[in-house]
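Protein chains: 2
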Amino acid sequence: MVIARGTTPKAEETRERILDAALALFQERGFDDTTMRDIAEKADVATGAAYYYFRSKEDLVMAFYARAADEARDVVPELIGRSRDLKKRLRAVIDQKFEQFEEHRKLLIALVRIGIDPKHRLSPFGKETEPMRGESIEFFRLAIDESSTNVPKDLRADLPALLWMYQMALILYWLFDDSPNQKKTKLLTDGTLELVVRLIQLSSLPLMGPLRKRVVALVRAI
Amino acid sequence: MVIARGTTPKAEETRERILDAALALFQERGFDDTTMRDIAEKADVATGAAYYYFRSKEDLVMAFYARAADEARDVVPELIGRSRDLKKRLRAVIDQKFEQFEEHRKLLIALVRIGIDPKHRLSPFGKETEPMRGESIEFFRLAIDESSTNVPKDLRADLPALLWMYQMALILYWLFDDSPNQKKTKLLTDGTLELVVRLIQLSSLPLMGPLRKRVVALVRAI
DNA sequence: CCGCCCATCTGAACATGTTCAAAAACGCCC
DNA sequence: GGGCGTTTTTGAACATGTTCAGATGGGCGG
Numbered sequence: 001m002v003i004a005r006g007t008t009p010k011a012e013e014t015r016e017r018i019l020d021a022a023l024a025l026f027q028e029r030g031f032d033d034t035t036m037r038d039i040a041e042k043a044d045v046a047t048g049a050a051y052y053y054f055r056s057k058e059d060l061v062m063a064f065y066a067r068a069a070d071e072a073r074d075v076v077p078e079l080i081g082r083s084r085d086l087k088k089r090l091r092a093v094i095d096q097k098f099e100q101f102e103e104h105r106k107l108l109i110a111l112v113r114i115g116i117d118p119k120h121r122l123s124p125f126g127k128e129t130e131p132m133r134g135e136s137i138e139f140f141r142l143a144i145d146e147s148s149t150n151v152p153k154d155l156r157a158d159l160p161a162l163l164w165m166y167q168m169a170l171i172l173y174w175l176f177d178d179s180p181n182q183k184k185t186k187l188l189t190d191g192t193l194e195l196v197v198r199l200i201q202l203s204s205l206p207l208m209g210p211l212r213k214r215v216v217a218l219v220r221a222i
Numbered sequence: 223m224v225i226a227r228g229t230t231p232k233a234e235e236t237r238e239r240i241l242d243a244a245l246a247l248f249q250e251r252g253f254d255d256t257t258m259r260d261i262a263e264k265a266d267v268a269t270g271a272a273y274y275y276f277r278s279k280e281d282l283v284m285a286f287y288a289r290a291a292d293e294a295r296d297v298v299p300e301l302i303g304r305s306r307d308l309k310k311r312l313r314a315v316i317d318q319k320f321e322q323f324e325e326h327r328k329l330l331i332a333l334v335r336i337g338i339d340p341k342h343r344l345s346p347f348g349k350e351t352e353p354m355r356g357e358s359i360e361f362f363r364l365a366i367d368e369s370s371t372n373v374p375k376d377l378r379a380d381l382p383a384l385l386w387m388y389q390m391a392l393i394l395y396w397l398f399d400d401s402p403n404q405k406k407t408k409l410l411t412d413g414t415l416e417l418v419v420r421l422i423q424l425s426s427l428p429l430m431g432p433l434r435k436r437v438v439a440l441v442r443a444i
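Line by line, the protein sequences give chains A and B.
Going by this note's numbering, the first residue of the first sequence is number 1, and it counts up by one from there.
Going by this note's numbering, the first residue of the second sequence is number 223, and it counts up by one from there.
Following this line, the structure appears as structure tokens:
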């Protein structure tokens with residue numbers, strides 16, 4: 001996350017300059033091959049300045065992620081509003097993230113290395129990223145609510161979080177998908193999304209009650 | 223992996239001394255809080271010596287993993303031989319790994335950070351770890367072969383690798399499972415293992431042929 | 001025993017993320 | 001405008017993973 005510095009216009013401008021320099025270099029050479037000295041130099045500040053605005057090199061990646069979240073906040077509700085079909089809505093939410101991340105795969109690989117450890121300060125599963133995670137999950141709740149597919153009450157509470165985890169898994173696969181244009185991810189998304197929507201539909205059939213309860217119980221326990 | 227140094231007894235002894243020192247310190251303080259200088263000092267060598275035997279700090283973790291694999295090679299076939307029941311066999315293979323790793327959770331977290339990136343030299347999914355991965359997968363093939371549960375021919379080829387991935391997922395969950403004594407992992411293992419065996423049994427029913435083929439095709443494609 | 005080669009080992013040097021004390025710039029009150 | 005407290009910026013210093021040119025020493029042919 002970002003330190004709450006940079007309230008004055010000038011400071012804010014410096015912060016942006018550093019972040020822009022960092023992201024440009026990350027994209028160009030990758031995370032590991034970009035040094036903090038490079039970033040500072042490109043932003044025309046001393047090495048230490050970056051640490052005045054960002055707690056660590058990794059926080060710069062997080063700041064990128066926060067920017068993406070800002071953008072999503074403006075766009076996603078409108079995307080969801082375009083259809084009431086659950087599958088289309090989910091597709092829209094997921095595709096939006098893929099588009100945002102398209103040009104930053106190298107960068108996000110660094111983020112994954114951090115994120116896999118839930119104890120790390122910046123893990124998407126950790127405490128500090130709660131607001132951003134919550135917002136992402138909220139998008140899925142929006143997509144479910146008042147969609148044309150009926151979702152059982154007892155699923156409503158946890159389904160958004162499950163869908164978020166599903167999205168995370170897709171993104172993870174996508175990051176390391178070396179097939180041309182990440183074709184395999186497209187395949188995987190198409191196949192599994194269909195499956196997911198089917199499962200949700202099935203789960204509301206009357207006979208499914210007990211099974212659904214067992215699944216919900218397991219999910220809660222874990 | 224390990225550099226092919228240490229052919230003379232004396233060198234071999236030095237190598238072991240460094241590895242022992244490293245593992246002791248990793249376990250004591252964790253990976254990040256152990257410096258190469260600490261390790262060298264504890265092993266009574268100069269800092270550079272460690273790099274004569276190990277290409278990097280991370281390679282020391284890998285050497286631990288290799289040791290564990292050595293041990294498994296001696297033990298696992300016997301464990302599998304104790305029963306023909308598929309579930310029991312799988313349990314045995316999986317539990318053996320858990321027991322081995324019990325006291326080294328902190329260490330393995332470092333390994334995961336590396337391993338999540340398939341492009342990293344030491345990723346369990348990468349080229350360089352192929353032999354060790356192959357051996358682990360082979361254990362699952364052993365467990366399937368001549369077990370009391372019939373496994374369809376077209377599954378035999380890929381099932382061991384799938385089971386290995388399943389094991390990896392369990393280990394990942396276990397690593398970050400903070401419930402007392404990793405009780406949740408026990409729950410998860412029990413629940414999913416039952417499920418897995420059921421699925422395998424189901425898959426050999428006559429009607430399942432087409433569905434099975436679709437799943438196999440998807441797995442192959444991905 | 002000598003001299004040579006090569007595996008082994010040393011420790012200083014290097015690169016880079018990070019910290020920190022001090023300097024500079026800024027805003028504000030008088 | 002001058003003084004003063006705060007914010008911003010600087011650049012040297014530090015910690016640590018890693019590299020490398022050279023020292024060490026042990027074995028072997030002569």
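Yeah, the Cβ is synthetic: ideal placement off N, Cα and C, and Gly gets one too.
Between M354 of chain B and Y287 of chain B, the C-beta gap is smaller than 9 Å, which places the two residues in contact. Distance from the Cα of H104 of chain A is smallest, within the candidate group A:S203, A:R220 and A:I171, for A:I171. P118 of chain A belongs to the set of residues whose beta carbon lies under 9 Å from a beta carbon in chain B.
Interface annotation for the region 68-94 of chain A against chain B: empty, criterion Cβ-Cβ distance under 7 Å.
L385 of chain B and S369 of chain B have their C-alpha atoms roughly 15 Å apart.
Within the region 399-415 of chain B, contact with chain A at the beta-carbon level (separation under 8 Å) is assigned to K406, L409, L410 and G413. When DSSP states are grouped into helix, strand and coil, T230 of chain B belongs to the coil group.
Going by beta carbons, F176 of chain A and D339 of chain B fall inside the 9 Å limit. Put simply, of B:A439, B:L415, B:D412 and B:L377 the residue whose alpha carbon is nearest the alpha carbon of L427 of chain B is B:L377.
Note that the region 236-244 of chain B touches the region 274-294 of chain B; at least 3 beta-carbon pairs, one per stretch, sit closer than 8 Å. Where E78 of chain A is concerned, the enclosing alpha helix (DSSP H) starts and stops at K57 to G81. Taking the CA atoms as reference points, A294 of chain B sits about 8 Å from Q318 of chain B.
E146 of chain A carries a coil assignment under DSSP once its states are collapsed to helix, strand and coil. For R311 of chain B, the enclosing alpha helix (DSSP H) begins and ends at L308 to F323. Annotated three-state conformation of H342 of chain B is coil, per DSSP. Here the region 111-127 of chain A does not lie against the region 178-195 of chain A, with fewer than 3 beta-carbon pairs under 8 Å apart. Contact between the region 192-200 of chain A and the region 255-264 of chain B is absent: fewer than three C-beta pairs spanning the two stretches fall below 8 Å. In this structure, I261 of chain B and A272 of chain B form a Cβ contact; the two beta carbons are roughly 6 Å apart against a cut-off of 8 Å. B:M284 is the residue among B:I366, B:M284, B:L409 and B:A233 whose C-alpha sits nearest the C-alpha of I336 of chain B. Identification of residues in the region 322-350 of chain B having a C-beta nearer than 7 Å to some C-beta of chain A yields I331, V334, R335, I338, D339 and P340, given in sequence order. In the structure shown, E16 of chain A adopts helical secondary structure according to DSSP, grouped into three states. If you look at L205 of chain A, you'll find it isn't in any alpha helix (DSSP H); DSSP assigns it neither H nor E. Contact annotation: A291 of chain B and E357 of chain B have beta-carbon atoms nearer than 9 Å. For the region 227-256 of chain B, there are no residues whose beta carbon sits under 8 Å from a beta carbon of chain A. The beta-carbon of L440 of chain B is placed less than 9 Å from the nearest beta-carbon of chain A.
9 Å or more divides the Cβ of A92 of chain A from the Cβ of E58 of chain A.
Our two residues, V112 of chain A and D266 of chain B, have alpha carbons roughly 37 Å apart in a direct line. Taking the Cβ atoms as the reference, L188 of chain A lies roughly 6 Å from Y173 of chain A, within the contact range of under 8 Å. A Cβ-Cβ contact shorter than 9 Å links V216 of chain A with D158 of chain A. DSSP places G48 of chain A in the helix class (H, G or I) of the three-state scheme.
Bounds of any alpha helix (DSSP H) do not take in A379 of chain B, whose DSSP letter is neither H nor E. L364 of chain B and P299 of chain B do touch by the CB rule: their CB atoms are close to 7 Å apart, below 8 Å.
Rounded to the nearest whole angstrom, the C-alpha separation of E235 of chain B and F323 of chain B is 24 Å. The three-state reading of DSSP puts F253 of chain B in coil, since its state is none of H, G, I, E or B.
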